[in-house]
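Chains Z and G, in that order, give the protein sequences.
Numbered per the UniProt record's numbering, the first sequence spans residues 1 to 642.
Numbered per the UniProt record's numbering, the second sequence spans residues 1 to 175.
Note that the Cβ used here is the ideal one computed from N, Cα and C, for glycine as well.
Quantities reported herein were computed from a predicted structural model and do not represent experimental measurements.
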Amino acid sequence: MIAEAGLIALWLAFALALLQLTLAGFGLAGGKPELLGSVRPVAVAQGVLVGIAFALLITLFLRSDMSVALVVTNSHSMKPWLYKFAGTWGNHEGSMLLWVTVMGVAGAAVALFERALRRDTHMATLGGQAAISLGFYAFLLFSSNPFARVDPPAPDGQGLNPLLQDPGLAFHPPTLYLGYVGLSVAFSFAIGALLTRRVDAAFARAMRPWVLAAWVLLTLGITAGSYWAYYELGWGGWWFWDPVENASLMPWLAATALLHSVTVLATRDALRAWTVMLAVIAFSMSMVGTFLVRSGILTSVHAFAVDPERGTFILVLLGFYIGGALALFGWRVGAVREGAPFELVSRETMLVVNNLLLSVILGLVLIGTLYPLMTEAFGHKVSVGAPYFDRIAGPVALILMLVMAAGPLTRWRRDKLGLVARRLLVPGAIALLVAVVLATVAWGRIGVLPLLGLTVALSVGAASVAPLWKRNLRRTPLFTWGMVIAHLGCAVSLAGMACDSAFTVEKLAAVRVGDTVQAGDWKLRLLQISPIAGDNWTALQADMEAVRGGGRAVTLHPQSRFFASPATATTEAALLTRWNGQLYVVLGQEAEDGRWQLRIWWKPFVTLIWLGGVMIALGGALALVGRERRGWLLKWRGRALA
Amino acid sequence: MKRLLIWLPLAIFLGFFALFASGLLKPDDRVITSKLVGKTLPAFSLPAAASDRPGLASTELATGKPRLLNIFASWCLPCAAEAPQLMALAQQGVNIDAIAIRDARADVDRFLARYGNPYARIGLDARSNVQIALGSSGVPESFVIDGKGRIVYQHVGDIRADDVPMILQRLKDAQ
Numbered sequence: 001m002i003a004e005a006g007l008i009a010l011w012l013a014f015a016l017a018l019l020q021l022t023l024a025g026f027g028l029a030g031g032k033p034e035l036l037g038s039v040r041p042v043a044v045a046q047g048v049l050v051g052i053a054f055a056l057l058i059t060l061f062l063r064s065d066m067s068v069a070l071v072v073t074n075s076h077s078m079k080p081w082l083y084k085f086a087g088t089w090g091n092h093e094g095s096m097l098l099w100v101t102v103m104g105v106a107g108a109a110v111a112l113f114e115r116a117l118r119r120d121t122h123m124a125t126l127g128g129q130a131a132i133s134l135g136f137y138a139f140l141l142f143s144s145n146p147f148a149r150v151d152p153p154a155p156d157g158q159g160l161n162p163l164l165q166d167p168g169l170a171f172h173p174p175t176l177y178l179g180y181v182g183l184s185v186a187f188s189f190a191i192g193a194l195l196t197r198r199v200d201a202a203f204a205r206a207m208r209p210w211v212l213a214a215w216v217l218l219t220l221g222i223t224a225g226s227y228w229a230y231y232e233l234g235w236g237g238w239w240f241w242d243p244v245e246n247a248s249l250m251p252w253l254a255a256t257a258l259l260h261s262v263t264v265l266a267t268r269d270a271l272r273a274w275t276v277m278l279a280v281i282a283f284s285m286s287m288v289g290t291f292l293v294r295s296g297i298l299t300s301v302h303a304f305a306v307d308p309e310r311g312t313f314i315l316v317l318l319g320f321y322i323g324g325a326l327a328l329f330g331w332r333v334g335a336v337r338e339g340a341p342f343e344l345v346s347r348e349t350m351l352v353v354n355n356l357l358l359s360v361i362l363g364l365v366l367i368g369t370l371y372p373l374m375t376e377a378f379g380h381k382v383s384v385g386a387p388y389f390d391r392i393a394g395p396v397a398l399i400l401m402l403v404m405a406a407g408p409l410t411r412w413r414r415d416k417l418g419l420v421a422r423r424l425l426v427p428g429a430i431a432l433l434v435a436v437v438l439a440t441v442a443w444g445r446i447g448v449l450p451l452l453g454l455t456v457a458l459s460v461g462a463a464s465v466a467p468l469w470k471r472n473l474r475r476t477p478l479f480t481w482g483m484v485i486a487h488l489g490c491a492v493s494l495a496g497m498a499c500d501s502a503f504t505v506e507k508l509a510a511v512r513v514g515d516t517v518q519a520g521d522w523k524l525r526l527l528q529i530s531p532i533a534g535d536n537w538t539a540l541q542a543d544m545e546a547v548r549g550g551g552r553a554v555t556l557h558p559q560s561r562f563f564a565s566p567a568t569a570t571t572e573a574a575l576l577t578r579w580n581g582q583l584y585v586v587l588g589q590e591a592e593d594g595r596w597q598l599r600i601w602w603k604p605f606v607t608l609i610w611l612g613g614v615m616i617a618l619g620g621a622l623a624l625v626g627r628e629r630r631g632w633l634l635k636w637r638g639r640a641l642a
Numbered sequence: 001m002k003r004l005l006i007w008l009p010l011a012i013f014l015g016f017f018a019l020f021a022s023g024l025l026k027p028d029d030r031v032i033t034s035k036l037v038g039k040t041l042p043a044f045s046l047p048a049a050a051s052d053r054p055g056l057a058s059t060e061l062a063t064g065k066p067r068l069l070n071i072f073a074s075w076c077l078p079c080a081a082e083a084p085q086l087m088a089l090a091q092q093g094v095n096i097d098a099i100a101i102r103d104a105r106a107d108v109d110r111f112l113a114r115y116g117n118p119y120a121r122i123g124l125d126a127r128s129n130v131q132i133a134l135g136s137s138g139v140p141e142s143f144v145i146d147g148k149g150r151i152v153y154q155h156v157g158d159i160r161a162d163d164v165p166m167i168l169q170r171l172k173d174a175q
């Protein structure tokens, strides 16, 4: 019954989305404004229903209902409950249901909480959100029904990809999706504003919190995903430029650009058309990413649901929504008058440069990701790997970081180059000092890019806290703190990346039990290898002892695991975190002569990468709370005065 | 100029759309064509991997008649699944030689006793050196060799029952 109830809830949500679009359409353009009153309740009901459908699918997974096809193919009764839970979205149908759930719930939230937007734009936005949801509902109901039954019920499930049996999977995809799909709200806002021709500062102020919220979640999701890949895949890398990773990075780049341009629009009423364009592009990138991953036209380690028929369906949706939005943009944006002009040396210019550089990186990543497809269209087969992305996108990102250092220290409207340069004196001096020290100490031992990276990271770190200089810290607004922390987070993350690529020590060794290996400052001894058993796996576990200098010995337990259902082996790296880095140990195979392969990395300051990511998200959250709280305070004061 | 610029994003997107559509509609081409097809076998000479069969050298594969060279290992499950097809081929008069990868003689003997022995000669490639030289990335794999010791066809993965007629045809074509 649960599966049928879920399917009914999904159909009802689909019907309500259709109703929502119709009501908004006739209310705005059909001369029946009285219909508009029902749009918001319908949007809320739609969100609730799709939420129920998703909760029911989770229930089916938790109860291991083996009469449901999706549970059979993706779960197993022996699996720990957390992975049964996470199994709900560890597959194509479930993750698409999560997708529409996020869209429905986000739409309901816009209906309930958006108060700043003009009423007609608000209604058009809700209509837009319903229109996008409709396509994805149709996709689920007609091509990927998650509630389909099997008859007779299977005796047990076929398990779940063991790589996905990790606590990280319970949190990273939903967070990522919340951000990824949350950007649909910005898309709908843009559609709404284009339809009502009201692109102005008030519109930007209304849109900003939604963009911020989605961006914060996207940042957290990418950070968590990167850490998951780092410790679970056992390669010691933290970013692989895999199409799926790029698919999450591209919306993030567009959303980051949007976040900054929307601020220009909100404060100075400039960059109107550009901001609308970015809002369209951000969610378009989410959709393109989903298409690339699900259609199987690019091969990827993440591709768990490759199906050309589904690919065709998503491609049609893609053409309809993105093509439609861009056509609407072309048709309507001529009517949007350009906003206020600004001087060449100003915060606005800095933000425009930021936007241009982010767009360039976005373009480079997009081209790199699609290049294999482009050449294949002409009969050649190539693959584009990390070296392309590192070498091409890396330098642009470094320039972007420099602009990020200067931007917050430049005044709105008009500034003087000399004054900006003077404010950058201290960070500049730090950069020079670091560069000189690094160049003398480590020239030739570390690459040029890591060296530049460290230099830029330290100077940008100094520059990003400079806006707090000589300010009363307790009276500094929360959103200024947010900006400072987010920018500092970028510097921290960059420092981690540069340290990792410059100073990592890698050691491959074949050792017998009792042998000692040296990796960097660490001495590791293999004490014993013993079999152990978990819930649904068995493993060979190494007991190792690690000592640094004269310190105390710490034990490490790298494993190689074997899962019964489906039969697969994974490596569980052992991680030892210290304030100045991480020791990363992977247990390999046993050689014929009784020696065990070990891969050991000492990665100085690698944790800064993810610490920086969390700081960026925290900064965004502070900015969000700061702006919203200010709105509440103003409203409260207004009421008190009245 | 500005009017054109406004429509540029749509134009770019349509380009991508066409690219995606062509990528989707194009027939799938997942067959890996081996770079070694048409080339002479690399020179090698391997010790015996089983107690009742001699070892294998590359010179012994250029005998004027086409042969099948099977790469297997006793620890490999798909190789066991492939064994009946190889037995069937051997019964139809196909000459099959083998290279056992990273194996031990006792294990190979056990494997052959259990799944049958279709092989004339079996060489032991303890360190995968020959396997790498052959451009083989895993077990099982099979090579059709013509009478002059040239590789005519590389079959990646196990030979399934419905692959057998195709393998026979390849051997016939190699005469």
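Inter-residue CB distance, residue i and residue j (contact presumed, cutoff 8 Å)
i                 : j                 : result
Val133 of chain Z : His92 of chain Z  : First, the residue type needs correcting, since residue 133 of chain Z is Ser and not Val in the sequence shown. The Cβ separation is near 18 Å, so there is no contact.
Gly461 of chain Z : Val492 of chain Z : 7 Å
Val130 of chain G : Ala73 of chain G  : About 13 Å; that fails the 8 Å criterion.
Phe605 of chain Z : Cys499 of chain Z : 4 Å
Ala204 of chain Z : Ala109 of chain Z : The pair is not a contact, with the Cβ atoms about 19 Å apart (cut-off 8 Å).
Proximity test, Cβ basis, 7 Å: residue i and chain G
i                 : result
Ile297 of chain Z : yes
Leu326 of chain Z : yes
Val333 of chain Z : yes
Phe304 of chain Z : Low local confidence applies: a pLDDT of 46 at Phe304 of chain Z is under 50, so the model's placement there is unreliable, and no value is given.
Asn246 of chain Z : no
Leu195 of chain Z : no
Ile322 of chain Z : yes
Gly237 of chain Z : no
Leu362 of chain Z : no
Ser300 of chain Z : Note that Ser300 of chain Z has pLDDT 49, beneath the 50 cutoff, so the model's placement of it is unreliable and no number is given.
Gly638 of chain Z : no
Leu540 of chain Z : no
Leu265 of chain Z : no
Candidates the options: closest to residue i by CA position
i                 : options                                : result
Pro148 of chain Z : Z:Pro243, Z:Ser67, Z:Val403            : Per the sequence shown, the amino acid found at residue 148 of chain Z is Ala instead of Pro. Selected option, being the one with the closest Cα: Z:Ser67.
Ile430 of chain Z : Z:Leu373, Z:Ile322, Z:Ala457, Z:Gly638 : Z:Ala457
Trp103 of chain G : G:Gly38, G:Ala126, G:Arg114            : Sequence check: residue 103 of chain G is Asp here, not Trp. Comparing Cα positions, the closest option is G:Ala126.
Val505 of chain Z : Z:Ala564, Z:Met287, Z:Gly237, Z:Gly394 : Z:Gly237
Trp601 of chain Z : Z:Pro558, Z:Gly613, Z:Phe313           : Z:Pro558
Leu358 of chain Z : Z:Glu245, Z:Ala255, Z:Leu265, Z:Pro341 : Z:Ala255
Met103 of chain Z : Z:Gly90, Z:Thr121, Z:Thr125            : Z:Thr125
Ser38 of chain Z  : Z:Ala111, Z:Gly385, Z:Arg599           : Z:Ala111
Asn580 of chain Z : Z:Lys603, Z:Glu572, Z:Ala569           : Z:Lys603
Pro153 of chain Z : Z:Ile367, Z:Leu598, Z:Val71            : Z:Val71
Chain Z within 7 Å of residue i, Cβ atoms only
i                      : result
residue 177 of chain G : The first residue shown for chain G is 1 and the last is 175, placing residue 177 of chain G beyond what the model contains.
Gly23 of chain G       : yes
Leu10 of chain G       : yes
Gln175 of chain G      : no
Phe13 of chain G       : yes
Phe17 of chain G       : yes
Phe20 of chain G       : yes
Task: Three-pair Cβ contact test at 8 Å for the segment 48 to 60 of chain G versus the segment 150 to 164 of chain G - done: no
- [ ] Quick one: which residues of the segment 365 to 395 of chain Z get their C-beta closer than 8 Å to a C-beta of chain G? List them in chain order.
- [x] Leu370, Leu373, Met374, Glu376, Ala377
TODO: Say whether the segment 40 to 57 of chain Z touches the segment 4 to 22 of chain Z, bearing in mind that this needs 3 or more beta-carbon pairs closer than 8 Å, one atom from each stretch.
DONE: yes
- [ ] Give the residues from the segment 268 to 279 of chain Z that approach chain G closer than 7 Å (Cβ to any Cβ), ordered along the chain.
- [x] Met277
Open item on the list: I want to know whether the segment 126 to 142 of chain Z touches the segment 206 to 223 of chain Z - three or more CB-CB distances under 8 Å.
Closed with: With the cut-off at 8 Å, the segment 126 to 142 of chain Z and the segment 206 to 223 of chain Z do not touch.
- [ ] Pull out every residue of the segment 63 to 85 of chain G whose Cβ sits closer than 8 Å to any Cβ of chain Z, in chain order.
- [x] Result list empty, no residue passes.
Task: Contact between the segment 611 to 627 of chain Z and the segment 474 to 491 of chain Z (3+ Cβ pairs under 8 Å) - done: As far as the Cβ criterion goes, the segment 611 to 627 of chain Z touches the segment 474 to 491 of chain Z, which means the pair count is three or higher.
Task: Selection of the segment 42 to 60 of chain Z by Cβ proximity to chain G, strictly under 8 Å - done: none
- [ ] For the segment 337 to 349 of chain Z and the segment 407 to 423 of chain Z, state whether three or more C-beta atom pairs, one from each stretch, are separated by less than 8 Å.
- [x] yes
Task: Contact the segment 91 to 107 of chain G vs the segment 50 to 63 of chain G: 3+ CB pairs below 8 Å - done: With a cut-off of 8 Å on Cβ pairs, the segment 91 to 107 of chain G is in contact with the segment 50 to 63 of chain G, counting three or more such pairs.
Open item on the list: Contact between the segment 191 to 201 of chain Z and the segment 115 to 123 of chain Z is defined here as three or more beta-carbon pairs at a separation below 8 Å; is this criterion met?
Closed with: yes
Open item on the list: Across the segment 235 to 251 of chain Z and the segment 269 to 277 of chain Z, are there enough close Cβ pairs to call them in contact, namely three or more that are closer than 8 Å?
Closed with: no
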